[in-house]
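*Asks:*
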Amino acid sequence: GAVGSQWVPDGAHAYKHLIPYGYSHQRHVVKYSLPNRDTAHRSLPRAHRIAALLKRWLLGVHQGRISKQQLDFYLEEFAFRFNRRLSPQRGMLFYRLLQQSVLVQPVPYRTIIRRG
Numbered sequence: 001g002a003v004g005s006q007w008v009p010d011g012a013h014a015y016k017h018l019i020p021y022g023y024s025h026q027r028h029v030v031k032y033s034l035p036n037r038d039t040a041h042r043s044l045p046r047a048h049r050i051a052a053l054l055k056r057w058l059l060g061v062h063q064g065r066i067s068k069q070q071l072d073f074y075l076e077e078f079a080f081r082f083n084r085r086l087s088p089q090r091g092m093l094f095y096r097l098l099q100q101s102v103l104v105q106p107v108p109y110r111t112i113i114r115r116g
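Laid out in structure tokens, this is it:
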């Protein structure tokens, strides 16, 4: 999200590191109890799904070894894949990827590894 955006994630302490970058952090801790049965997938269904898919993707594809300097690149790739996951024309995914590679200015490797 854009700087100044407000995050409403779960109670994980990892999100507090976003505060110095201009993000507001409003924790939404969901405690499961039998009387109210308020679970994360009920109170924040879309956010819960995206966070769960992102965590699973980072652990599966990158084996949990991600770099803070390249985090924005990982998130851009995840967003690209997520936004096209239900595309009725799955064959167009490769075409769109090629189209993006032609239209977007290349980022030199040295720039990528120096980010941070």
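If you're matching positions, the sequence shown starts at 1 in the working numbering and goes up one per residue.
The beta-carbon is built from N, C-alpha and C at its ideal position, and this holds for glycine as well.
All of these numbers come straight from a predicted model, not from anything done at the bench.
#1: Is there contact between the stretch 63-80 and the stretch 98-114, where contact requires at least three CB pairs shorter than 8 Å?
#2: Quick check on this structure: which residue in 78, 100 and 16 has the alpha carbon closest to the alpha carbon of residue 57?
#3: For residue 99, name the three-state secondary structure that DSSP assigns.
#4: Is it true that the CB of residue 84 sits closer than 7 Å to the CB of residue 98?
#5: Write down the C-beta distance between residue 50 and residue 82 rounded to the nearest angstrom, noting that I regard them as a contact closer than 8 Å.
*Replies:* For this structure:
#1: Yes: the two stretches touch, three or more of their Cβ pairs being nearer than 8 Å.
#2: As a first step, residue 57 is located in the sequence shown; it is residue number 57 there, counting from the start. Per the Cα distances, 78.
#3: Within the sequence shown, residue 99 is the residue found at index 99, counting from 1. Taken through DSSP and simplified to helix, strand or coil, residue 99 comes out as helix.
#4: By one-based count along the sequence shown, residue 98 stands at place 98. By one-based count along the sequence shown, residue 84 stands at place 84. Not closer than 7 Å, so no.
#5: Counted from its first residue, the sequence shown places residue 50 at position 50. Counted from its first residue, the sequence shown places residue 82 at position 82. The Cβ separation is near 7 Å, so the contact holds.
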